[in-house]
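2 protein chains.
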Amino acid sequence: MSKFKRNERIAAMVKILSDYPNKLFTLNYFTDRFNAAKSTMSEDIVMVRQAMAKLGLGKVETVAGAAGGVKYVPFSTPDQNREVLNEVCEKLIEKNRILPGGFLYMMDVIFFPSIMQKVGEIFASQFDYSKVDYIVTVETRGIPLALMTAKAMNLPLVIVRINSEVMEGSMVSISYISATTGVIQRMSLSRRAIKPGSRVIIIDDYMRGGGTVKGIIDMMHEFDTEVEGVGVLVATKTPENKMVDNYVPLLIFEEGMTEDNKINIYPNPNIT
Amino acid sequence: MSKFKRNERIAAMVKILSDYPNKLFTLNYFTDRFNAAKSTMSEDIVMVRQAMAKLGLGKVETVAGAAGGVKYVPFSTPDQNREVLNEVCEKLIEKNRILPGGFLYMMDVIFFPSIMQKVGEIFASQFDYSKVDYIVTVETRGIPLALMTAKAMNLPLVIVRINSEVMEGSMVSISYISATTGVIQRMSLSRRAIKPGSRVIIIDDYMRGGGTVKGIIDMMHEFDTEVEGVGVLVATKTPENKMVDNYVPLLIFEEGMTEDNKINIYPNPNIT
Chain A
1 MSKFKRNERI AAMVKILSDY PNKLFTLNYF TDRFNAAKST MSEDIVMVRQ
51 AMAKLGLGKV ETVAGAAGGV KYVPFSTPDQ NREVLNEVCE KLIEKNRILP
101 GGFLYMMDVI FFPSIMQKVG EIFASQFDYS KVDYIVTVET RGIPLALMTA
151 KAMNLPLVIV RINSEVMEGS MVSISYISAT TGVIQRMSLS RRAIKPGSRV
201 IIIDDYMRGG GTVKGIIDMM HEFDTEVEGV GVLVATKTPE NKMVDNYVPL
251 LIFEEGMTED NKINIYPNPN IT
Chain B
1 MSKFKRNERI AAMVKILSDY PNKLFTLNYF TDRFNAAKST MSEDIVMVRQ
51 AMAKLGLGKV ETVAGAAGGV KYVPFSTPDQ NREVLNEVCE KLIEKNRILP
101 GGFLYMMDVI FFPSIMQKVG EIFASQFDYS KVDYIVTVET RGIPLALMTA
151 KAMNLPLVIV RINSEVMEGS MVSISYISAT TGVIQRMSLS RRAIKPGSRV
201 IIIDDYMRGG GTVKGIIDMM HEFDTEVEGV GVLVATKTPE NKMVDNYVPL
251 LIFEEGMTED NKINIYPNPN IT
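Line by line, the protein sequences are chains A and B.
Take the first sequence: its letters are residues 1 to 272, numbered as in UniProt numbering.
Take the second sequence: its letters are residues 1 to 272, numbered as in UniProt numbering.
Okay, structure coming up:
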């Protein structure tokens, strides 16, 4: 069986750990894969941890004990978060993005994988997800963002359906009201999607009145499930009173143009 | 400005490259970030490339010239692909997954980020996407898989809507017919989602009659867009004649149980 040089082991270890954030790998996994002694691997892990920390690329954490191992935890500083959010805003400020009804065309941004990956990692640095079981979103536009958040946290994604389909078996349905339009709609979720007694974080792309997220929260109660947090990419400044009290918006979108005729969207100053 | 050790540079370079598959980083990006000479960085890149190759973790490619640089290209061997697909099948063979109508409950598998990431990398090793502009899917279940494929290829994702909404501006709509049910439905796509003259790959989770994918292909013609390939996670064995001729299924799903009373789903033997 081949031996590996330290550089090779370190390169491979970084690749494996960072491909699967928050997944715990045992020391044995690496000693087997690299045909190396435990003491050698432990030294490698220290080096990887220091390199990640020094360059602001996230945390490498070791867990002691029989069920222990090593895992990569995405972590970004407030400065790094602000830089990413400013980049996203730069893309969204062009005035031809305003659609009839005052909505913002965001599809090219919120469906671009590498941008949503960065935004998902920001959400991972805003919430304590150590006891969370699922990331929940509602179809359709929030899915890429919610999936990338779920990836950063190593959690399964649950997608609440606006349009129930035959392929998901027995469903729970609830009515919810759009705070913006006053229209009553139905959302539904497969009975087997969530285990009762779970904890979830809700992630969505856009919040105006908060009716949709309120609907998801009501749905979670039907599943005997606790909502630990709500994150949205964009929240409108008005109405200030939304149907949901506690939520973390990454960007704030105000009606009306800025003085230089750009769309008025900017990072939430409270993001850490 | 701090200097970095070779181990630290290599660890950081692997993290940066593999976080953004198929994104080209200039040599200057790394010399600036690591405060190192070009010759040193070139040596580091060779080491990273060799380590990735030796451990079957993908390719590191250098592009020469003024617009050149280095990028990470996901690549998995047929053996690695088969291993991943066998793992997915293992999860899908339990008989309580059969829903009314003969459909397969797959939500927990196709909404789990790390599994879909692996499957997306398999699609990236099945198609030549060097001239492709977009990954296209249709809401809802195929989105996580399509997003992870788009991530592996560093391409934007386009989501065709079954239920058009107010927030996407001027839309193109077409009718399509479900080969299974004979029901006529409509799908729609925002006029600004795809630049005319583009090339796309279509990715979806499940194909029985092929009517939905046929609908997406028709939609792409409305956008003067060429379909370079179609990939689906699961295709049913019957009907053998589907409405789409050329498609790459990763798994085959046959009606009826296996001898040991499991669901009859297995990797497509033609996957390389």
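The beta-carbon is built from N, C-alpha and C at its ideal position, and this holds for glycine as well.
7 Å CB neighbourhood of residue i in its chain, flanking five on each side removed
i              : result
residue 89(A)  : 251, 265, 266, 267
residue 115(B) : 88, 109
residue 146(B) : 135, 137, 157, 203
residue 10(B)  : 44, 47, 48
residue 238(B) : 255
Where residue i falls, given that 16 or more other Cβ within 10 Å makes a residue buried
i              : result
residue 130(B) : exposed
residue 186(B) : exposed
residue 76(B)  : buried
residue 245(A) : exposed
residue 128(A) : exposed
residue 184(A) : exposed
residue 270(A) : exposed
residue 173(B) : exposed
residue 272(B) : exposed
residue 12(B)  : buried
residue 65(A)  : exposed
residue 240(B) : exposed
Spatial distance of residue i from residue j (CA atoms)
i              : j              : result
residue 112(A) : residue 260(B) : 43 Å
residue 48(A)  : residue 32(B)  : 21 Å
residue 226(A) : residue 213(A) : 14 Å
residue 81(B)  : residue 124(A) : 30 Å
residue 223(B) : residue 192(B) : 10 Å
residue 275(B) : residue 139(B) : The structure shown does not extend to residue 275(B), since chain B is modelled only from 1 through 272, so no value can be given for it.
residue 14(A)  : residue 155(B) : 24 Å
residue 242(B) : residue 209(B) : 5 Å
residue 160(B) : residue 194(B) : 11 Å
residue 181(B) : residue 8(B)   : 58 Å
residue 6(A)   : residue 84(A)  : 33 Å
residue 16(A)  : residue 57(B)  : 8 Å
residue 37(A)  : residue 38(B)  : 34 Å
residue 207(A) : residue 168(A) : 27 Å
residue 67(B)  : residue 50(B)  : 23 Å
residue 24(A)  : residue 248(A) : 28 Å
residue 4(B)   : residue 34(B)  : 6 Å
residue 221(B) : residue 221(A) : 45 Å
residue 236(A) : residue 217(A) : 20 Å
Residues of its chain near residue i, where Cβ-Cβ distance is below 8 Å and the 5 sequence neighbours each way are ignored
i              : result
residue 263(A) : 92, 93, 94, 95, 97, 98, 104, 253, 257
residue 285(B) : Nothing can be reported for residue 285(B): it is not among the residues displayed for chain B, which extend from 1 to 272.
residue 86(A)  : 267
residue 163(A) : 139
residue 63(A)  : 24, 69, 70, 71
Proximity to residue i [Cα-Cα], best of the options
i              : options                        : result
residue 189(B) : 27(B), 156(B), 136(B)          : 136(B)
residue 79(B)  : 101(B), 66(B), 44(B), 122(B)   : 122(B)
residue 170(A) : 157(B), 101(B), 175(B)         : 101(B)
residue 42(A)  : 55(A), 28(A), 52(A)            : 28(A)
residue 175(A) : 14(A), 219(A), 60(A)           : 219(A)
residue 118(B) : 144(B), 107(B), 133(B)         : 144(B)
residue 229(B) : 200(B), 235(B), 211(B), 207(B) : 200(B)
residue 60(A)  : 66(A), 67(A), 52(A)            : 52(A)
residue 132(B) : 197(B), 86(B), 168(B)          : 197(B)
residue 2(B)   : 55(A), 168(A), 71(A)           : 55(A)
Beta-carbon contacts of residue i that lie in its chain and below 6 Å, excluding the five residues immediately before and after
i              : result
residue 152(B) : 21, 74, 120, 121, 124
residue 149(B) : 120, 123, 135, 203
residue 178(B) : 211
residue 30(A)  : 41
residue 26(A)  : 69
residue 18(B)  : 72
residue 126(B) : 248
Interface flag, residue i vs chain C, CB-CB below 8 Å
i             : result
residue 48(A) : Of the protein chains in the structure, A and B, none is chain C.
(request) Tell me the start and end of each unbroken alpha helix (DSSP H) in the region 90-130 of chain A that is at least 4 residues and wholly inside, in chain order. (result) 107-110, 113-126
(message) Report the start-end ranges of each alpha helix (DSSP H) in the region 183-264 of chain B that is 4 residues or longer and not cut off at the edges.
(response) 211-222
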